[in-house]
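So the sequence lines, in the order shown, correspond to chains A and B. Under the numbering used here, the first sequence has 180 at position 180, and the numbering climbs by one with no breaks. Take any residue in the second sequence, note its place counting from 1, add 219, and you have its number in the numbering used here. A quick write-up on the structure given underneath.
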Amino acid sequence: MNRVLTAMKLDFFTAKSSLKLVAILLLIGVVIGALAHGPIYTMIFTMIFAVTSCGSIFPTHERSHSDKLYGILPVKKSEMIAGRYLYALIIGAVCTAISGILGLALARIMNVSLDSFTFWATLMLAFIYFSFAVGVSYPIYLKFSFAKAYLFTMLPMYLIAVLILFLSKQTSFISDFGRLMQFFTNNQILIPVLGILIGLVLLAMSALIANLLYKRKEI
Amino acid sequence: MSNALEVQNLCKTYSDFTLDSVSFSLPAGYIMGFVGQNGAGKTTTIRCILNMAMRDDGVIKIYGLDNVRDELAIKQELAVVFDEIFFVEAWTVKEVEKAIRGFYSQWDSRLYGEYIKKFDLSPEKRVKELSRGMKLKLMLAVAMSHNAKLLILDEPTSGLDPVARDELLSILREYISDGEKSVFFSTHVTTDLERIADYITLIDHGRIFYTGTKDGLLEDFCIVKGSKSNLTDDMKRKIIGLSITSAGFTGMLPASELKGLPGGIVTESPTIDEILIHISKGGNNL
Numbered sequence: 001m002n003r004v005l006t007a008m009k010l011d012f013f014t015a016k017s018s019l020k021l022v023a024i025l026l027l028i029g030v031v032i033g034a035l036a037h038g039p040i041y042t043m044i045f046t047m048i049f050a051v052t053s054c055g056s057i058f059p060t061h062e063r064s065h066s067d068k069l070y071g072i073l074p075v076k077k078s079e080m081i082a083g084r085y086l087y088a089l090i091i092g093a094v095c096t097a098i099s100g101i102l103g104l105a106l107a108r109i110m111n112v113s114l115d116s117f118t119f120w121a122t123l124m125l126a127f128i129y130f131s132f133a134v135g136v137s138y139p140i141y142l143k144f145s146f147a148k149a150y151l152f153t154m155l156p157m158y159l160i161a162v163l164i165l166f167l168s169k170q171t172s173f174i175s176d177f178g179r180l181m182q183f184f185t186n187n188q189i190l191i192p193v194l195g196i197l198i199g200l201v202l203l204a205m206s207a208l209i210a211n212l213l214y215k216r217k218e219i
Numbered sequence: 220m221s222n223a224l225e226v227q228n229l230c231k232t233y234s235d236f237t238l239d240s241v242s243f244s245l246p247a248g249y250i251m252g253f254v255g256q257n258g259a260g261k262t263t264t265i266r267c268i269l270n271m272a273m274r275d276d277g278v279i280k281i282y283g284l285d286n287v288r289d290e291l292a293i294k295q296e297l298a299v300v301f302d303e304i305f306f307v308e309a310w311t312v313k314e315v316e317k318a319i320r321g322f323y324s325q326w327d328s329r330l331y332g333e334y335i336k337k338f339d340l341s342p343e344k345r346v347k348e349l350s351r352g353m354k355l356k357l358m359l360a361v362a363m364s365h366n367a368k369l370l371i372l373d374e375p376t377s378g379l380d381p382v383a384r385d386e387l388l389s390i391l392r393e394y395i396s397d398g399e400k401s402v403f404f405s406t407h408v409t410t411d412l413e414r415i416a417d418y419i420t421l422i423d424h425g426r427i428f429y430t431g432t433k434d435g436l437l438e439d440f441c442i443v444k445g446s447k448s449n450l451t452d453d454m455k456r457k458i459i460g461l462s463i464t465s466a467g468f469t470g471m472l473p474a475s476e477l478k479g480l481p482g483g484i485v486t487e488s489p490t491i492d493e494i495l496i497h498i499s500k501g502g503n504n505l
């Protein structure tokens, strides 16, 4: 476990230089939410940008020939992968919290109603989207490298995100979906529980696949 | 005498290249030069030693431990310097230590600080701001700060000016001075090896041409030169890297084949460079 944590710390050290980008992206998310007069846009964009931030670790490593570094360090490939997913999970958790805080703050500032169900459903959908996008992209980046795989991996992800935004704008998708799910309306505490659970399962499955793919890869 | 590194019948096949039964051993406390032209298999061998590439067959032991089964224990004792730096460009020299030290149980921050000072590396300088020579020194500082017993260098001197190369050789000499540490040094700049190596392993097209002491290598081969009329069919078969011009011929012969050479043939002791050039032209394996 100690080596997994050290590998995760190494990823944070690696990503340190790109953390400024995260702050800029968050600001863009706030501006989009303010312009669209909808805090949920800020919440969703925050998580879309969280995916971008998590992916940026790969090009940084590739530019720095870190594959060689991992080849010489006393750490197993599986531990390196576990560290990378832990890094993503922490970024995801922090961005989800920021997403929620920004959503509530914008709703208050703009005097827009943001009911509890919409808030939790948006937040959890955004977290599930984050887990799905990271879960799909990480094994591909580990197998093929970021430079080769970025476009064909992330393009569908951005399309999915645009689709979610489009649906939420055109048809009050989340509210309609919520009405259909009376159960969740009456048991709102289950939304974050289910959202976190689905997100974690997606990330865990992805980590297993990444481990299988990367184990045989020559570095 | 125990071996720091032992490679036996290492085989690794790619679609366009094969390492064919590579075997050699480096006794503890010595420096071995691993020589071969570009593409001869030096880096592939090193990648197999580090388990970055999976061997198809053979055994690799470092201080008696298997390089795959005991990988984590081995890598605590192993330090590696590649031809290009593998630290994040935005890191400062100080941050490199922070990022790496957690992996090594015997990391010595005081020692790292001493090396940084000795190598004139500014702790606040970023990796991307360092010259090629300084980057090499930074890799060496990291490599030597966790009390590793075996230092592996893959083409560390390529692209370095003579002063920086000389500095590196001094550092390596000092590193092994306690008699316990060993250095495995892959290069195609053979003049460096003539100054520093105790043992030489020569690889050509994925096969070991020679492995043994440096003195043995230089004694085992001879450069022969003569006029075309002196060149017999028997000699043509035995000469390694034979080249014939209008002025005569030149090539390399194993010292054991020197007896009974026709008169008029000049023999000279070769340099490692000359041996490498002749085997690359067409080597007869020993």
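The beta-carbon is built from N, C-alpha and C at its ideal position, and this holds for glycine as well.
C-alpha gap between residue i and residue j, whole angstroms
i, j, result
"B:ASP452", "B:SER405", "36 Å"
"B:GLN227", "B:ILE279", "6 Å"
"B:LEU359", "B:LYS317", "16 Å"
"A:ALA133", "A:ALA82", "17 Å"
"B:LYS478", "B:MET471", "14 Å"
"B:MET273", "B:LEU421", "22 Å"
"A:ASN211", "A:LYS77", "8 Å"
"A:LYS16", "B:PRO473", "58 Å"
"B:GLY277", "A:ALA93", "46 Å"
"A:HIS37", "B:SER350", "51 Å"
"B:ASN222", "B:ILE427", "18 Å"
"B:VAL312", "A:THR14", "14 Å"
"A:ALA207", "A:ILE57", "16 Å"
"A:LEU159", "A:PRO74", "40 Å"
"B:CYS441", "B:ILE496", "13 Å"
"A:PHE12", "A:LYS143", "21 Å"
"A:MET157", "A:ALA149", "13 Å"
"A:ARG216", "B:ASP397", "39 Å"
Contact check, residue i vs residue j, beta carbons under 7 Å
i, j, result
"A:GLY71", "B:LEU269", "yes"
"B:ALA367", "B:ALA298", "yes"
"A:ALA260", "A:ILE48", "There is simply no residue 260 of chain A to check, as chain A begins at 1 and stops at 219 in what is shown."
"B:GLY445", "B:ILE484", "yes"
"B:ALA416", "B:ILE265", "no"
"A:PHE45", "A:GLY55", "no"
"B:GLY425", "B:LEU238", "yes"
"B:HIS388", "B:VAL402", "Note on residue identity: the sequence assigns Leu, not His, to residue 388 of chain B. Not in contact: B:LEU388 and B:VAL402 (Cβ atoms no closer than 7 Å)."
"B:ALA259", "B:ASP423", "yes"
"B:LEU224", "B:ILE281", "yes"
"A:SER116", "A:GLN182", "no"
Beta-carbon proximity list for residue i, same chain, < 7 Å, skipping 5 on both sides
i, result
"B:ASP275", "CYS230, LYS231, THR232"
"A:ILE191", "TRP120, ALA121, MET124, PHE184"
"A:SER145", "GLU62"
"A:ILE91", "ALA50, SER53, CYS54"
"B:ILE335", "VAL312, PRO342, ALA360"
"B:GLU399", "ALA247, GLY248, LYS368"
"B:PHE301", "ASP373"
"A:LEU89", "LEU203"
"A:ILE219", "ASP67, TYR70, GLY71"
Same chain only: Cβ atoms within 6 Å of residue i, ignoring 5 sequence neighbours per side
i, result
"B:HIS365", "TYR323, GLN325, TRP326"
"A:LEU202", "SER131, PHE132, GLY135"
"B:ALA383", "GLY352"
"A:LEU106", "GLY33, PRO39, THR42"
"A:PHE166", "none"
"A:GLY199", "PHE127, ILE128, SER131"
"B:LYS347", "GLU308"
"B:THR469", "LYS444, SER462"
Burial state of residue i, where buried means 16 or more other Cβ atoms lie within 10 Å
i, result
"B:GLY255", "buried"
"A:HIS61", "buried"
"B:ARG414", "exposed"
"B:LYS354", "buried"
"B:ASP339", "exposed"
"B:PRO481", "exposed"
Cutoff 8 Å; reference residue i; Cβ partners in own chain excluding five residues on either side
i, result
"A:THR153", "VAL136, SER137, ILE140, TYR141"
"B:GLU501", "Sequence check: residue 501 of chain B is Gly here, not Glu. Correct list, in chain order: ILE459, GLY460, LEU461."
"B:PRO489", "LEU437, PHE440, CYS441, ILE442, MET471, HIS497"
"A:ILE164", "ILE44, LEU125, TYR129, PHE173"
"B:LYS455", "LEU461"
"B:TRP310", "ALA318, ARG345, VAL346"
Any non-hydrogen atom of the ligand NAD within 6 Å of residue i CB
i, result
"A:GLY199", "Absence of the ligand NAD from the depicted structure is noted, as is the absence of any ligand whatsoever, leaving it without description."
query: Any contact of the region 66-79 of chain A with the region 304-320 of chain B, i.e. 3+ C-beta pairs under 8 Å?
result: yes
message: Under 8 Å: do the region 123-131 of chain A and the region 189-197 of chain A share three or more Cβ pairs, one atom per stretch?
response: Counting Cβ pairs under 8 Å, three or more are found: they touch.
task: Would you check if the region 78-92 of chain A and the region 5-17 of chain A touch, i.e. whether three or more CB-CB distances between them fall below 8 Å?
output: yes
query: At a cut of 8 Å, does the region 102-114 of chain A reach the region 237-251 of chain B through at least three beta carbon pairs?
result: At 8 Å Cβ cutoff, the stretches do not touch.
task: Quick one: which residues of the region 278-294 of chain B get their C-beta closer than 9 Å to a C-beta of chain C? List them in chain order.
output: Although the question refers to chain C, the structure presented lacks it and instead comprises the protein chains A and B.
task: Give a yes or no on contact between the region 95-105 of chain A and the region 34-50 of chain A, applying the rule of three or more CB pairs nearer than 8 Å.
output: yes
- prompt: Do the region 379-399 of chain B and the region 407-427 of chain B touch if we need at least three Cβ pairs shorter than 8 Å?
  reply: yes
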